[in-house]
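For reference, the structure is listed below as structure tokens.
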Amino acid sequence: MHFLILAASLLLSASGGHASSVTDQFVGKGRVLVLNSDNLEKAKPSDKVGCLNAKGDVVTLDQCAVFTRNETWPHELYSSAGTCTFRDTTTVQNLASVYGKGSYAFSCSDVGDSVLKSAMWAGEPYYTVDGFNFPFVCTGNLNCYYEIERVPTSDKDSLPVWEYFWGSQQMSVTPGHLQVMWLWDPVKDTSGVGGPKGSQRRSVAFRG
Ligand SMILES: *[C@@H]1O[C@H](CO)[C@@H](O)[C@H](O)[C@H]1NC(C)=O
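Mapping of the sequence shown onto mature numbering (1 follows the signal peptide of the UniProt record, and there is no 0): residues -19 to -1, 1 to 189, in sequence order.
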């Protein structure tokens, strides 16, 4: 798996040559924006339709939580609620999906850390790939797409997000669901500076 990621990364960076690489941006703290797109080449920040809250659910854009990407391998994500994972079997399964049955919603909680430590394979890496136009968040074996039931429309909406699976019996997203991508929106860490909670965190990257 590491080889595949590395190979893809080298391949894409060879054709790129960007001033500030997306891998340099996917560090520290940031918001995870949910983009309504199924196209790694065309997706852009203005495709955003929601973002992740501290529990790892998809919510409206005014409720985004700040996540941290662990500096060390496997670079898991965590929020104020705890370590995040797709492997907490107490969360909602994607039962409507042919291939996503048995996959669980992303969730960040105080059991996340132990779920990952007891997993049969090492960690749950979150990474982006040099050559992408923006720091889209991928996990596993180049899985850079995710799936949601619908776009959150009210502040009460708190919706599950799953990894995106397809195959010969379901060639694209689960009927009725939406294929989405995650975009890392870096947040400057100015904790320690005065001011009301929330105002200390300023989004530096993507407006519009
Ligand atoms: C960050 O990674 C280190 C090293 O793998 C690990 O010990 C630590 O628990 C991680 N932190 C979080 C919050 O997941």
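Cβ atoms here follow ideal geometry from the backbone N, Cα and C, with glycine treated the same way.
Sub-8 Å separation of Y59 and F146 beta-carbons
Looking up residue 59 in the sequence shown gives position 78. Looking up residue 146 in the sequence shown gives position 165. No; because the gap between Cβ atoms is not below 8 Å, this pair is not in contact.
Span of the beta strand (DSSP E) holding Q160?
Within the sequence shown, the letter at position 179 stands for residue 160. Note, Q160: beta strand (DSSP E), 159 to 170.
Rounded to whole angstroms, what is the Cα-Cα separation between F87 and R131?
Taking the first residue of the sequence shown as position 1, residue 87 is located at position 106. Taking the first residue of the sequence shown as position 1, residue 131 is located at position 150. Approximately 15 Å between the Cα atoms of the pair.
Once you ignore the five residues that flank C45 on each side, which residues in its own chain have a CB closer than 6 Å to its CB?
As a working note, residue 45 is residue 64 in the sequence shown. R12, C32, listed in sequence order.
For W143: DSSP bridge partner residues:
Indexing the sequence shown from 1 puts residue 143 at position 162. Per DSSP, E128.
Please work out which residues of its chain come closer than 6 Å, Cβ to Cβ, to D28, disregarding the five sequence neighbours upstream and downstream, and give them in chain order.
For this step, residue 28 is matched to residue 47 along the sequence shown. L16, N17, S18, listed in sequence order.
L(-9), buried or exposed, once every other Cβ within 10 Å from all chains shown has been counted against 16
Numbered from 1 along the sequence shown, position 11 holds the residue referred to as residue -9. Low per-residue confidence applies at L(-9): pLDDT is 44, beneath 50, and the placement is therefore not dependable enough to give any value.
Classification of T64 by the beta-carbon crowding that lies within 10 angstroms, buried from 16 upward:
In the sequence shown, residue 64 corresponds to position 83, counting from 1. Buried, because 16 or more other Cβ atoms sit within 10 Å of the Cβ of T64.
Decide if the segment 63 to 78 is in contact with the segment 88 to 100; the criterion is three or more beta carbon pairs, one per stretch, under 8 Å apart.
yes
F7 and T120 - do their beta-carbons sit closer together than 8 Å?
As a position in the sequence shown, residue 120 is number 139, starting the count at 1. As a position in the sequence shown, residue 7 is number 26, starting the count at 1. Contact flag unset, no.
Straight-line Cα distance separating F113 from D91
The residue you call residue 91 lines up with position 110 of the sequence shown. The residue you call residue 113 lines up with position 132 of the sequence shown. Approximately 32 Å, taken between the alpha carbons.
For Y136, the three-state DSSP class (helix, strand or coil):
Translated into positions along the sequence shown, residue 136 becomes position 155. At residue 136 the sequence reads Asp, which differs from the Tyr that was named. In this structure, D136 counts as coil in the three-state DSSP scheme.
Simplified DSSP assignment, three categories, for L42:
Numbered from 1 along the sequence shown, position 61 holds the residue referred to as residue 42. L42 falls in the helix class under three-state DSSP.
Any beta carbon of chain B sitting closer than 8 Å to that of A86?
Absent here is chain B; the protein component of the structure consists of one chain.
Cβ of L14 within 8 Å of Cβ of L140?
Along the sequence shown, read from residue 1 onward, the residue named residue 14 stands at position 33. Along the sequence shown, read from residue 1 onward, the residue named residue 140 stands at position 159. Against a cut-off of 8 Å, the Cβ pair of L140 and L14 comes out as no contact.
Looking at T64 and ligand 1, is the gap between the Cβ and the nearest heavy atom below 7 Å?
Your numbering for residue 64 matches position 83 in the sequence shown. Yes, ligand 1 has a heavy atom inside 7 Å of this Cβ.
Closest Cα partner of A35 within the set S78, F48, D138, D43:
Stepping through the sequence shown from its first residue, residue 35 is reached at position 54. A35 has its Cα closest to that of F48, out of S78, F48, D138, D43.
According to DSSP, is Q150 part of a helix, a strand, or is it coil?
Stepping through the sequence shown from its first residue, residue 150 is reached at position 169. It is coil, neither helix nor strand.
Whole-angstrom C-beta distance between V168 and K10, which should lie under 8 Å
If you number the sequence shown from 1, residue 10 lands on position 29. If you number the sequence shown from 1, residue 168 lands on position 187. Yes, K10 and V168 are in contact; Cβ-Cβ is about 5 Å, under 8 Å.
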